[in-house]
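These notes concern the structure reproduced below.
Numbering (our numbering), first residue to last: 1 to 435.
Structure follows, in structure tokens:
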């Protein structure tokens, strides 16, 4: 590929930050409020776990710069079938995420611009979804440029929350201890809160997925992965702690827009509506980033022969056109299904499946790093990182509960017939080539 069509450090960092910070963070304080201080402990565990996983992806990118991302990392160390199973579940989770983001953005944008309520919600969501598909059809640099802009904009409300929290601490420090959360600290609640927080951190691997499109991937991906993850971790700790300590626990748990509530109470009147505008920008930025990734991942899997070869076709701008159109259609189907029942129920279901579907990828990448160490292809210091990463994923598997785990395993099983078909097809093609 022409280097002029590749993406660099800032775009990769924006992919990590922009994909991790979507819509979920704006509801997360309310979701975690019932857990009280368990939420802060759970956040600490999740952030340490995710920083460890970020190191896993960084080491893999440095050791295997030409592997074309997670699929290549796992395939070259654990084999084709583990790579396919992990990436199949992850691939499905990407277009499920796009469906959830599209429907979520519509809910917020109609609050900011009430006149848009005249548009049928499902059609509105589909319009947003396909607008981002079209943008990414113009090439990875175009999609990457949009990602940088939307990521910069979405950080503004995070900065506003942090500044507000600092101002209250300086002017009225007693507000932070006026009504502490009453929920007792228990291991069960810590694990539950940690699992909720994990969904908000999904996306730390974003810089490594389009590895074939990255300038100097062995250097760029590790730097972008760690920079994006650390930045996001700092932001999340601050914006989750401030509302938890400043707003009564019961009130925060019932808040439909916790950041808006915080700004209205401790900031200026009317600031909450402006915050909702940035939620829309954040959601659209995440939708753009995940659209870019699902197109690149689909192309990579097709190039490696585990998805139909047609999915690898690119247009004149070197964008994976067929992959983008197919995954856009799949996400559109999920959008229609979401509007056929309760939106909240559909969103909750999708997020649980998405979280379960990401864990096999994280576990396999941690094991891949351990395998590289065993082969002597990675520095000795990577083994503790690989072990801690794998242990954290096991912890997350336990904390996520029985139902999401079964759903995730079912998702993997659903992809096995396609794997068997594609493998048989490749074998027949090889036999014909020898004849």
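Every residue gets a Cβ at the ideal spot worked out from N, C-alpha and C, and that includes glycine. Fair warning: this is a prediction, and the values are worked out from it, not measured in the lab.
- Message: If I follow the unbroken alpha helix (DSSP H) through residue 213, where does it start and stop?
- Response: Premise fails: residue 213 is in no alpha helix (DSSP H) and is neither H nor E.
- Between the Cα of residue 122 and those of 337, 429, 377, 64, spot the shortest distance and give me the residue it belongs to. Selection 337, 429, 377, 64 evaluated against residue 122 yields 337 as nearest (Cα-Cα).
- Task: Leaving out five residues on either side along the sequence, give the residues of the same chain with a beta carbon under 6 Å from the beta carbon of residue 89.
- Result: 357, 360, 411, 412
- Message: Beta-carbon within less than 7 Å of residue 109's beta-carbon, same chain only, minus the 5 sequence neighbours each way: which residues are those?
- Response: Hits under 7 Å: 116, 280.
- Query: What three-state label does DSSP hand residue 7 in the structure shown?
  - Reply: If DSSP states are grouped into helix, strand and coil, residue 7 belongs with the strands.
- Taking buried to mean at least 16 other C-beta atoms within 10 Å of its own C-beta, is residue 120 buried or exposed? exposed
- Message: Assuming the contact rule is C-beta atoms closer than 8 Å, residue 12 and residue 212 should be a hit. Round their C-beta distance to whole Å, please.
- Response: 13 Å between Cβ atoms; not a contact.
- Query: At which residues does the alpha helix (DSSP H) containing residue 421 begin and terminate?
  - Reply: Taken as a continuous stretch (DSSP letters only), the alpha helix (DSSP H) holding residue 421 covers 402 to 434.
- Item | Whole alpha helix (DSSP H) elements within the segment 15 to 69, 4-residue minimum | 28 to 32, 37 to 63
- Task: Quick one: using the 10 Å Cβ neighbour count with 16 as the cut-off for buried, is residue 431 buried or exposed?
- Result: exposed
- Item | Status (buried if at least 16 other CB within 10 Å, exposed otherwise) for residue 135 | buried
- Query: Mapping DSSP to helix, strand and coil, what is residue 291?
  - Reply: Correct three-state label for residue 291: helix.
- Task: Compute the Euclidean distance between the alpha carbons of residue 236 and residue 221, then round it to the nearest angstrom.
- Result: 22 Å
- Message: Considering only their Cβ atoms, is the gap separating residue 382 from residue 369 smaller than 8 Å?
- Response: yes
- Item | DSSP-derived helix/strand/coil call for residue 315 | coil
- Item | Cα-Cα separation between residue 131 and residue 203, rounded to whole angstroms | Cα-Cα distance, rounded: 22 Å.
- Which residues in the same chain have their Cβ closer than 8 Å to the Cβ of residue 343, if we skip the five residues on either side of it in sequence? Annotation note: pLDDT 48 at residue 343 (below 50); position unreliable, coordinate value reported separately. For residue 343, where only same-chain residues beyond five positions count, the Cβ hits under 8 Å are 103, 107.
- Query: Whose C-alpha, out of 329, 311, 330, is nearest the C-alpha of residue 321?
  - Reply: Nearest C-alpha to residue 321: 311.
- Message: For a test of the three-state rule: what should DSSP assign to residue 342, helix, strand or coil?
- Response: Residue placement at residue 342 cannot be trusted, given a pLDDT of 49 that sits under 50; the coordinates are not used to answer.
- Item | Identity of the residue in 18, 365, 390 nearest residue 58 by Cα | 365
- To the nearest angstrom, how far is it from the Cα of residue 248 to the Cα of residue 178? Computed Cα separation, rounded: 9 Å.
- Message: With three or more beta-carbon pairs closer than 8 Å as the criterion, would you say the segment 299 to 310 touches the segment 25 to 35?
- Response: no
- Message: Taking the alpha carbon of residue 265 as the reference point, which residue from 164, 75, 156 has its own alpha carbon closest?
- Response: Among 164, 75, 156, the Cα nearest to that of residue 265 belongs to 164.
- Query: So residue 147 is in the alpha helix (DSSP H); what residue range does that whole segment cover?
  - Reply: 140 to 171
- Message: Considering only their Cβ atoms, is the gap separating residue 15 from residue 147 smaller than 8 Å?
- Response: yes
- Whole angstroms is fine: what's the gap from residue 393's alpha carbon to residue 167's? 37 Å
- Quick one: what's got a C-beta closer than 7 Å to residue 56's C-beta in the same chain, skipping five residues either side? 365, 366, 369, 385, 386, 389
- Item | contact_flag[the segment 42 to 57, the segment 313 to 320] where n(CB pairs < 8 Å) is 3 or more | no
- Message: Would residue 304 and residue 71 qualify as a contact pair, given that the criterion is a beta-carbon distance under 8 Å?
- Response: yes
- Task: Consult DSSP for residue 258 and reduce its assignment to one of helix, strand or coil.
- Result: Residue state, collapsed to three classes: helix.
- Message: Helix, strand or coil, according to DSSP, for residue 306 in the structure here?
- Response: coil
- Query: Does DSSP put residue 251 in a helix, in a strand, or in coil?
  - Reply: helix
- Task: Give every residue of the same chain whose Cβ lies closer than 6 Å to the Cβ of residue 436, excluding the five residues on either side of it in the sequence, and list them in chain order.
- Result: Summary: the structure shown does not reach residue 436, with the chain confined to residues 1 through 435, and so no result is reported for it.
- Give a yes or no on whether the C-beta atoms belonging to residue 331 and residue 129 are separated by under 8 Å. yes
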